[in-house]
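Residue numbers (this note's numbering), protein chains in the order written: chain A, 8 to 233; chain B, 11 to 429.
Report on the structure given below.
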């Protein structure tokens, strides 16, 4: 069932070199299947965020192999990796990172326009669909900085979904949200995973959040311990 | 590539900080305005000052210098052929000012394709008699039509008609200052005495003002025939042949060629007026350096504003990169921003520069020595506008280059993790 594996990490190792070499990731191997809702959890400094940035192709300084959709990421140029992120990965960060100069709709459309496979009208329609799914379509024409924190995070999720990515990667997606908004965001992820077979990989230290995902990967000292 | 998207992002980043953008653009506008106005004015002034002399100077002048013959008889004597002969007090006795065979030379010059015009001239030294006082002066015998065509002679006539010296026998056009000294008006008669003590009465048909006071005090013009008559020479007597060329740069070379072919002296304009060339070059150099300095200052302004923009928009750049924009895309966005500031500011600058030079062109500038000039001179050469545009684009590109490169190298991981 190899086709179903969306993301595979093969003996990934990484050292920080400043000021002395410190190993942060020690021989990490994991794979994520299609439709899985996986969380990586662990204490602060265990290397979970570092791992996420390697898995997301943004950090290329590592040993071992990373496969996304069965293709090796090693040896690709910065431009090719940007293309991979654009087409295959959706991002949700702790902070929303919306561009305040653009409207909500334009923010969601940007990665779609960058991908440039669909005409602008269709990208707009898709963006509206995503906003509708997340129940924030009424905000479409507002500027990003006029939104509340919870709304911003939902817009960020809609942006992550625009290009139908094979995997959504999240770094503490509820870290900045209150309880109620956290629950809403969690509900959205759960629904995406279960109803739409959307693969999701979340890095969080929120035990409550992690507990309710399909699979929990616990890390300690740069190793997977369970 | 997604050029339209890049332009869209650049535009919204620009408009988001439109006040800063405007300040940067005004910097460029100001420098281009000054650049255009300064160069137009300086060049206008240069052209005027150069024209004062150069327009009236032949590119190549053929004449005979009065000097001792270099072929002295003793050198041809067989006995003294191998010795070094010293000759004291050699006189230039047999040497003449007249150009031999001038008619044939002029025909040959007319046939030369590098020549645009040929004007013959006779120089005569005379005294103008004012009661008991004699005022020294010169009469230039000219072909008035050729002289007007080639050297704008008619432009300097302030009173009377230049063609009258051809049509009225024994007529003369006096320098304005000379006329004032002699207290004569158009229609009056002046008496001149030649160096051979011959006396003539000449009718004043006009005055000219060259812009050079010293010249106007001694100079006067008459037709070739009149001058030949005053000097008592035949009608093929010519002392100078003035030649205008298609390309003034060729003058030194052609002068050498003519000197050899026609066995006369030949002086080119560059040798005769070297100091004017130097002056023009230095003035242009100053204008260009001031203009470029202004542009460089504006460039630093753009550099600063882009750098600030990059610090402010670090998050946006990071997320753009995270969601699939490559470093090259980010680089292009900032280059587009820089270039649009340059282009927008530059275009406005061209407009304002034109307006400013047009305003300078309206300021009255009356000087007794320049009868044809009424306002400050401006040169509206399109070349300045072209150079201004290119400079504004090049400086803003250079100013944007480093910040754009910095933006393209931002590591999204550091920004995102830093929160």
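Each residue gets a CB set at the ideal place from its N, CA and C atoms; glycine is no exception.
Please read all numbers here as calculations on a predicted model, not as lab measurements.
For residue i: DSSP bridge partner residues
i                      : result
residue 130 of chain B : B/251
residue 216 of chain B : B/170, B/183
residue 144 of chain B : B/139
residue 49 of chain A  : A/226
residue 21 of chain A  : A/32
residue 85 of chain A  : Answer is none; residue 85 of chain A lacks a bridge partner.
Short Cβ contact (8 Å threshold) for residue i with residue j
i                      : j                      : result
residue 71 of chain A  : residue 18 of chain A  : yes
residue 41 of chain B  : residue 305 of chain B : yes
residue 426 of chain B : residue 332 of chain B : yes
residue 170 of chain A : residue 102 of chain A : no
residue 394 of chain B : residue 49 of chain B  : yes
residue 241 of chain B : residue 204 of chain B : yes
residue 41 of chain A  : residue 11 of chain A  : yes
residue 334 of chain B : residue 86 of chain A  : no
residue 15 of chain A  : residue 68 of chain A  : no
Chain-order list of residues whose beta-carbon lies under 7 Å from that of residue i (same chain, five-residue window excluded)
i                      : result
residue 26 of chain B  : none
residue 323 of chain B : 23
residue 328 of chain B : 420, 422, 425, 426
residue 362 of chain B : 39, 43
residue 54 of chain A  : 31, 32, 226, 229
residue 126 of chain B : 254, 255, 256
residue 118 of chain A : 93, 166, 169, 170
residue 376 of chain B : 384
residue 106 of chain A : 114, 151
residue 8 of chain A   : In this prediction, residue 8 of chain A scores a pLDDT of 44, lower than 50, which makes its location untrustworthy; the coordinate-derived value is nonetheless stated afterwards. Taken in chain order, the list of residues that qualify is empty.
residue 366 of chain B : 43, 47
residue 76 of chain A  : 13, 95, 173
CB contact check: residue i to chain A, cutoff 8 Å
i                      : result
residue 54 of chain B  : no
residue 32 of chain B  : no
residue 372 of chain B : no
residue 325 of chain B : yes
residue 12 of chain B  : yes
residue 434 of chain B : In the structure displayed, chain B extends from 11 to 429; residue 434 of chain B sits before or after that span and is not available.
residue 350 of chain B : no
residue 23 of chain B  : yes
residue 20 of chain B  : no
residue 313 of chain B : no
residue 344 of chain B : no
Contact set for residue i: own chain, Cβ-Cβ below 6 Å, skip 5 residues either direction
i                      : result
residue 165 of chain A : 115, 137, 138, 141
residue 149 of chain B : 134, 136, 230, 232, 237
residue 411 of chain B : none
residue 88 of chain A  : 64
residue 278 of chain B : 70, 261, 262, 265
residue 152 of chain B : 131, 231
Nearest-angstrom Cβ-Cβ length linking residue i and residue j, presumed shorter than 8 Å
i                      : j                      : result
residue 349 of chain B : residue 403 of chain B : 7 Å
residue 72 of chain B  : residue 251 of chain B : 4 Å
residue 341 of chain B : residue 284 of chain B : Contact flag wrong, Cβ pair sits at about 51 Å.
residue 38 of chain A  : residue 178 of chain A : Their Cβ separation, rounded to whole angstroms, is 20 Å, which puts residue 38 of chain A and residue 178 of chain A out of contact at 8 Å.
residue 199 of chain B : residue 176 of chain B : Not really, about 18 Å apart at Cβ, beyond 8 Å.
residue 173 of chain B : residue 217 of chain B : So it is not a contact: roughly 15 Å between Cβ atoms.
residue 139 of chain B : residue 201 of chain B : 4 Å
residue 227 of chain B : residue 187 of chain B : 4 Å
Below-8 Å beta-carbon distance, residue i vs any chain B residue
i                      : result
residue 128 of chain A : no
residue 51 of chain A  : no
residue 89 of chain A  : yes
residue 219 of chain A : no
residue 72 of chain A  : no
residue 118 of chain A : yes
residue 9 of chain A   : With a pLDDT of only 48 at residue 9 of chain A, under 50, the local geometry of the prediction cannot be trusted, and the value read off the model is given with reservation. Not closer than 8 Å to any Cβ of chain B, the Cβ of residue 9 of chain A fails to qualify, so no.
residue 125 of chain A : no
residue 56 of chain A  : yes
Chain-order list of residues whose beta-carbon lies under 8 Å from that of residue i (same chain, five-residue window excluded)
i                      : result
residue 188 of chain A : 156, 157, 160, 181
residue 82 of chain B  : 95, 97, 100
residue 113 of chain B : 246
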